[in-house]
Structures are given as structure tokens and as C-alpha cells.
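Colleague:
Protein chains: 2
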Amino acid sequence: MARAARVVVQVERLRDQVYQLIREGLKSGELKPGQRLVEVELAERYGVSRTPVREALFQLTRGGFLDSTERGYSVPIYSEKDVIYRLEVKRLLIPAVTGHVARTATALQIKRLTKLHEAEKAAHAAGNVEKFVEANHEFRTETHLICENKLLSRCLIMMEDQFETARSRIHQLEVNRRLSIDHNGRLLAAIAAHDPAAAVAEERAFLDFLDGYYAEHAPVG
Amino acid sequence: MARAARVVVQVERLRDQVYQLIREGLKSGELKPGQRLVEVELAERYGVSRTPVREALFQLTRGGFLDSTERGYSVPIYSEKDVIYRLEVKRLLIPAVTGHVARTATALQIKRLTKLHEAEKAAHAAGNVEKFVEANHEFRTETHLICENKLLSRCLIMMEDQFETARSRIHQLEVNRRLSIDHNGRLLAAIAAHDPAAAVAEERAFLDFLDGYYAEHAPVG
DNA sequence: ATACCGGATACTGCATGCAGAAAATTTCGT
DNA sequence: ACGAAATTTTCTGCATGCAGTATCCGGTAT
Chain W
709 MARAARVVVQ VERLRDQVYQ LIREGLKSGE LKPGQRLVEV ELAERYGVSR TPVREALFQL
769 TRGGFLDSTE RGYSVPIYSE KDVIYRLEVK RLLIPAVTGH VARTATALQI KRLTKLHEAE
829 KAAHAAGNVE KFVEANHEFR TETHLICENK LLSRCLIMME DQFETARSRI HQLEVNRRLS
889 IDHNGRLLAA IAAHDPAAAV AEERAFLDFL DGYYAEHAPV G
Chain A
709 MARAARVVVQ VERLRDQVYQ LIREGLKSGE LKPGQRLVEV ELAERYGVSR TPVREALFQL
769 TRGGFLDSTE RGYSVPIYSE KDVIYRLEVK RLLIPAVTGH VARTATALQI KRLTKLHEAE
829 KAAHAAGNVE KFVEANHEFR TETHLICENK LLSRCLIMME DQFETARSRI HQLEVNRRLS
889 IDHNGRLLAA IAAHDPAAAV AEERAFLDFL DGYYAEHAPV G
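Chains as they are written, first to last, in my numbering: chain W, 709 to 929; chain A, 709 to 929.
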């Protein structure tokens with residue numbers, strides 16, 4: 709087994725694979741909030757030694773995906789407040805980022821965004837929720853990455869990553885998937901037209917909508 | 709050595725110590741921008757095995773303190789733009805954070821801030837630049853940590869940490885240390901008075917000053 | 001019955017060995 | 001002497017062993 713793994717590693721390190729596997733576990737709900745994570749357990753489950761698991765674990769901790777108690781790690785429990793807080797940060801950063809992006813996006817970058825947008829539409833049409841969530845997340849990340857100010861990008865991406873789980877649940881509802889697609893479509897159009905004002909307005913409108921949404925529906929865990 | 713270290717570890721893990729040591733090396737300029745970092749070298753230098761060094765290295769990478777090439781790690785080279793970009797993010801986040809802090813700071817927290825402020829003043833009076841930089845950084849971090857919205861805190865602290873090196877250089881000049889102390893003094897007063905408007909105004913004014921400063925002086929590396 | 005103490009267990013942190021890949025250096029052919 | 005091929009060196013990633021500590025459990029004393 710060690711042998712076979714070794715070969716794959718050249719493509720992607722085991723610790724990165726484990727990192728992804730745990731994140732997927734968090735997203736899918738296989739790893740439940742509050743649950744404790746033990747090195748050996750995970751090592752056995754994924755068929756690797758403790759080392760890459762260890763390394764993945766505290767990378768995840770540092771990224772805010774896991775809580776690290778004095779001894780060991782556990783799946784964090786998000787409160788309603790966290791969801792609200794995230795919206796606050798987005799509200800602060802989004803206008804600046806979106807402005808940058810709409811101003812500076814190259815044809816190639818716009819093409820890539822278009823492709824991702826098509827992918828999420830296709831996944832939705834095909835009823836493949838998981839694939840939709842994936843593409844939707846990528847679209848978001850890719851958009852933020854266009855921003856020249858990488859510090860801004862990193863702040864936003866950091867947050868969005870942490871809320872992948874929450875968004876994954878929101879997107880279980882068909883209506884929310886459709887709303888997200890429409891939003892992304894309008895956003896993409898504004899970016900492609902190099903119209904910062906329109907892009908920022910679209911983002912603001914969507915944040916307002918989310919505010920109202922969370923006021924009515926209980927925020928997801 | 710392993711024995712002795714083991715005892716200390718209970719207090720602080722070796723990987724965390726190494727993490728700090730490398731960050732200090734970055735701050736002091738002992739580790740120069742562009743320089744490559746090799747596991748065994750650092751392990752020997754710090755008298756530990758490769759494991760904690762490894763672990764510290766990619767924690768630093770994930771935090772943005774190091775660049776990770778395909779093979780190995782290196783000290784990142786900051787551009788002038790990064791300094792400007794940092795100001796942009798601060799300008800977006802600072803008002804929200806400072807508002808929160810001024811509104812919600814407890815007596816205990818204010819006391820702690822006061823203590824740190826006294827410490828930086830004392831260090832400056834004693835001409836101990838290194839100690840000043842330390843206390844100054846702590847004051848800043850502690851201030852941001854008061855914010856209820858931990859996502860906001862984390863974004864800001866992440867950035868401030870990364871610019872410790874730059875600030876350390878800025879603070880080599882006596883006049884800049886004095887300006888920083890004055891700024892912190894006025895900020896602290898506004899927070900202690902629970903006057904969000906004044907606190908935010910003070911931050912804004914200081915950011916404006918920095919803008920002007922960087923326009924004249926070449927931004928530090 | 002409960003509280004306290006001692007041993008077993010579980011789990012983490014660190015050291016080290018090994019293998020594989022990339023870089024550097026040497027050797028060989030022309 | 002120059003370029004190509006081969007070998008050596010360097011360095012990383014992973015597995016594993018060991019040691020130390022916290023936790024849990026059962027036994028004993030009050």
C-alpha cells in the first residue's frame with residue numbers, strides 16, 4: 709500500500725489528499741460538528757500512516773476548519789452568529805474586490821469564469837447537486853482570485869472556504885441553486901462588460917437578499 | 709537533548725517554538741527575502757529533528773509567511789504594492805472592527821490594552837526598540853481580538869502578522885515609534901470612553917497619514 | 001454509597017530510517 | 001573542448017517506533 713501511495717504522491721502529496729478528504733467529510737456531514745478526530749482512526753480510514761494525517765489536521769486547524777483542543781482535534785460547531793458575521797465581512801470587502809475584478813479582468817479570465825458558470829448551470833440542469841456545489845464554489849473562488857490585491861482575495865477566500873459546509877446545505881434547495889445561478893450570471897455579465905458599478909450593485913443586492921433570507925429562515929449550521 | 713526538550717514541550721510544542729524562531733528570523737532580517745529554507749539546516753540550527761521543522765515550515769507557508777516552491781520553501785519578497793494593498797484592506801475593515809471594539813470592550817480588556825500601551829511607552833523611553841516593536845504588535849493584535857466578529861479579527865491579524873517585518877523596519881526610526889505611540893494613545897482613550905466615532909476617526913486619520921507617508925518615503929521591503 | 005487512589009489504555013509529539021525525485025557534478029565520447 | 005549521459009548528492013515525503021501524559025476504569029477505604 710505504501711508503495712502504491714508513493715507513486716500517486718508525485719501527483720499530489722498524501723497530506724494534501726487527506727486534507728481534501730477531511731474537508732469533504734466536513735462538507736458532506738460525514739464528520740459531524742463536535743465530533744472528535746483521532747489520528748490513527750483517520751489514518752486507517754484513508755489507508756495512510758499517521759504522518760500525513762497529522763499534517764493535514766493542523767493545517768485544517770490553522771485554516772479554521774477544525775478546532776484544536778489542548779489534546780486532539782474536533783469538528784467546530786458554527787453558531788447562527790457566525791453566518792451573520794460572515795455577511796458583515798463580505799459586505800465590507802466585496803465592493804472593493806468586485807470593483808477591482810470588473811475593471812481588470814482579462815478576456816481569458818472572463819472566459820474561464822464563463823466556463824465555470826456554464827458548468828454550474830449544466831450541473832443544475834442535470835440535477836447533480838454535488839457537482840453544482842463544486843462548480844459554484846469554484847466560480848466564486850475564481851472570481852475573487854482575479855483581484856489584484858491578493859490580500860483581499862485571501863481574506864474572502866478564507867471565509868468562503870469555511871462556509872462551504874453551510875452553503876452546501878443551502879444549495880440542497882432547488883430554489884436557492886437557481887437564485888445563485890442567476891446572481892452569478894448577472895455578476896458575470898457586469899464583469900464581462902467591465903462595468904464595476906453594475907457588478908458591485910449586483911453583489912450588494914444579493915447580500916441584501918441574504919440578509920432578509922437569514923432573518924426568516926433559520927441560518928444553517 | 710530529546711529528553712530536555714520533551715519537558716519543555718508540555719509548556720510549548722517544539723513545532724510552535726520553531727515556528728516562532730523562524731518568524732523572528734524573518735522579522736530580524738536574519739532570513740533574507742528570496743533565501744531558500746532547508747529542513748535539515750534549520751533542524752541543526754535549532755537543535756531539533758526534522759519533524760517539528762517540517763511542520764512549522766508548512767504552517768508558515770499556509771499563513772503566508774513563506775513561499776512554497778514545488779520543492780522546498782523560500783522567504784517571500786514583498787513588493788511596494790503589497791504595502792499599499794495592505795492599507796486598502798485595513799481601510800475596509802478597520803472601521804467595522806474599531807467600532808465593535810469601542811462599543812463592547814470590557815473593563816478588563818481595556819485594562820489589558822492600557823498595560824500593553826504602557827509597555828510600549830516604557831520600551832520606547834528606555835530606547836529598547838525590539839521590545840517596543842513587540843509590545844506595539846501585541847497592542848494591535850489584542851485590540852483586534854476584542855472584536856466580537858472573529859472572522860474580522862482573523863482577517864486583520866493575518867495581515868498585520870505578515871507585515872511585522874515591514875513595521876519592524878519602520879519603527880527603527882524614532883519619530884515613527886513616537887507617532888505610533890501617540891496614535892495608540894488616542895485610540896485607547898476613545899475605546900476606554902466607549903466612543904466608536906472617535907476611535908474610528910482616529911484610525912482613519914492615521915491611515916490617511918500612512919498614505920501620505922508611503923507616497924513620500926519609499927515603502928519598506 | 002461515594003470518594004479517592006493506582007494501574008491500564010489511548011493518544012499525541014518527536015526522532016529517525018528509507019525511498020524516490022530533482023539537481024549537481026563528473027565522466028565519457030566525439 | 002564541448003555536449004550528452006551517467007552517477008552522486010541533496011532534499012523532501014512518508015512510515016514507524018518510542019516516550020510521556022491525560023483519561024478512563026476498577027478497586028479499596030471510609
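Ideal placement from N, C-alpha and C gives every residue a C-beta, glycine not left out.
DSSP on Val928(A), reduced to helix/strand/coil?
Modeller: Reliability fails at Val928(A), whose pLDDT of 47 lies under 50, so the model's placement of it is uncertain and no value is given.
Colleague: At 9 Å on the CB atoms, spell out the chain A contacts of Ala907(W), in chain order.
Modeller: Under the 9 Å cutoff, chain A gives no residues; its nearest Cβ is about 17 Å from Ala907(W).
Colleague: Measuring CB to CB, does Leu768(A) end up less than 8 Å from Val761(A)?
Modeller: No.
Colleague: Roughly how far, in whole angstroms, is the beta-carbon of Asn892(W) from the beta-carbon of Phe847(W), given that I think they are within contact range, below 8 Å?
Modeller: Confirmed, about 6 Å.
Colleague: Give a yes or no on whether the minimum CB-CB distance between Ala710(A) and chain W is below 8 Å.
Modeller: Residue placement at Ala710(A) is poorly supported in this model, since its pLDDT is 30, which falls under 50; the coordinates still yield a value, given next. Taking Cβ atoms only, chain W never reaches closer than 8 Å to Ala710(A), which makes this a no.
Colleague: Are the CB atoms of Cys855(A) and Val805(A) within a distance shorter than 8 Å?
Modeller: Going by C-beta atoms, Val805(A) is nearer than 8 Å to Cys855(A).
Colleague: Any residues in the region 741-766 of chain A with a beta carbon nearer than 9 Å to a beta carbon of chain W? Which ones, in chain order?
Modeller: Cβ contacts with chain W come from Thr759, Arg762, Glu763, Phe766.
Colleague: Asn857(W) touches chain A at which residues, Cβ-Cβ below 8 Å?
Modeller: Under the 8 Å cutoff, chain A gives Tyr793, Glu796, Val797.
Colleague: State the CB to CB distance for the pair Ala764(W) and Arg723(W), rounded to an integer number of angstroms; the pair is presumed to be in contact (CB under 8 Å).
Modeller: 5 Å between Cβ atoms; contact.
Colleague: Please classify Lys735(A) as buried or exposed, where buried requires at least 16 other C-beta atoms within 10 Å of its C-beta.
Modeller: Buried, since its Cβ has 16 or more Cβ neighbours within 10 Å.
Colleague: Using DSSP with H/G/I as helix, E/B as strand and the rest coil, what is Tyr781(A)?
Modeller: Note: Tyr781(A) maps to strand in three-state DSSP.
Colleague: Going by the CB atoms, is the gap between Ile889(A) and Leu821(A) shorter than 8 Å?
Modeller: It is not a contact, given that the beta carbons lie outside the stated cut-off.
Colleague: One question on the structure: do Glu911(A) and Ile802(A) come within less than 8 Å of each other, judged by their Cβ atoms?
Modeller: Contact: yes.
Colleague: From the DSSP output, read off the bridge partner residues of Arg744(A).
Modeller: In the DSSP output, where bridge partners are listed per residue, Arg744(A) has Ser782(A).
Colleague: From Thr904(A) to Ser776(A), what distance separates their C-alpha atoms?
Modeller: Note that residue 904(A) is Pro in the sequence shown here, rather than Thr. So the two alpha carbons sit approximately 41 Å from each other.
Colleague: Less than 6 Å between C-beta atoms, sequence neighbours within five positions excluded: which residues of the same chain meet that for Lys789(A)?
Modeller: Correct list: empty, nothing qualifies.
Colleague: Give me the Cα-Cα distance between Glu752(A) and Leu739(A), rounded to the nearest whole angstrom.
Modeller: Their backbone Cα atoms lie some 15 Å apart in a straight line.
Colleague: Of all the CB atoms in chain W, is at least one closer than 8 Å to the CB of Gly807(A)?
Modeller: Not an interface residue.
Colleague: Any beta carbon from chain W within less than 8 Å of Asp724(A)'s own beta carbon?
Modeller: Chain W, which has no Cβ nearer than 8 Å to the Cβ of Asp724(A), makes this no.
Colleague: Name the two residues that bound the continuous alpha helix (DSSP H) containing Glu850(A).
Modeller: Glu850(A) -> alpha helix (DSSP H) spans 837-854.
Colleague: Going by C-alpha distance, which of Ser787(W), Arg744(W), Thr759(W) is nearest Tyr781(W)?
Modeller: Comparing Cα-Cα distances from Tyr781(W) to each of Ser787(W), Arg744(W), Thr759(W), the minimum goes to Arg744(W).
Colleague: In three-state terms, what does DSSP make of Asp775(A)?
Modeller: Asp775(A): strand per DSSP, three-state reduction.
Colleague: Closer than 9 Å, Cβ to any Cβ of chain W: which residues of the region 768-785 of chain A, in chain order?
Modeller: So the close ones are Arg770, Gly771, Gly772.
Colleague: Assign Ala906(A) to one of three DSSP states: helix, strand, or coil.
Modeller: If DSSP states are grouped into helix, strand and coil, Ala906(A) belongs with the helices.
Colleague: Nearest-angstrom Cα distance between Ala901(W) and His845(W)?
Modeller: Computed Cα separation, rounded: 22 Å.
Colleague: Does the beta carbon of Leu729(W) come closer than 8 Å to any beta carbon on chain A?
Modeller: No, Leu729(W) lies away from the interface with chain A (no Cβ there is under 8 Å from its Cβ).
Colleague: What do you get for His925(A), buried or exposed, if any count of 16 or more other CB atoms within 10 angstroms of its CB means buried?
Modeller: Burial call: exposed.
Colleague: Are there 16 or more other CB atoms within 10 angstroms of the CB of Val748(A), so buried, or fewer, so exposed?
Modeller: Result: exposed.
Colleague: Quick one: is Val809(W) buried, meaning 16 or more other Cβ sit within 10 Å of its Cβ, or exposed?
Modeller: Val809(W) should be labelled buried.
Colleague: Indicate the three-state DSSP secondary structure (helix, strand or coil) for Val761(A) in the structure shown.
Modeller: Correct three-state label for Val761(A): helix.
Colleague: Comparing the C-beta of Ala804(A) with each C-beta of chain W, is any distance below 8 Å?
Modeller: Ala804(A) counts as touching chain W.
Colleague: Is it the case that the Cβ atoms of Tyr793(A) and Ala874(A) are separated by a distance below 8 Å?
Modeller: The answer is no: Cβ separation not under 8 Å.
Colleague: Compute the Euclidean distance between the alpha carbons of Gln880(A) and Val837(A), then round it to the nearest angstrom.
Modeller: Distance between the alpha carbons of Gln880(A) and Val837(A) is about 7 Å.
Colleague: So Leu915(W) and Arg799(W) are supposed to be a Cβ contact under 8 Å. How far apart are they, rounded?
Modeller: So it is a contact: roughly 6 Å between Cβ atoms.
Colleague: Could you give the distance in angstroms between the alpha-carbon of Leu860(W) and the alpha-carbon of Ala907(W)?
Modeller: Answer to the nearest angstrom: the Cα atoms are 17 Å apart.
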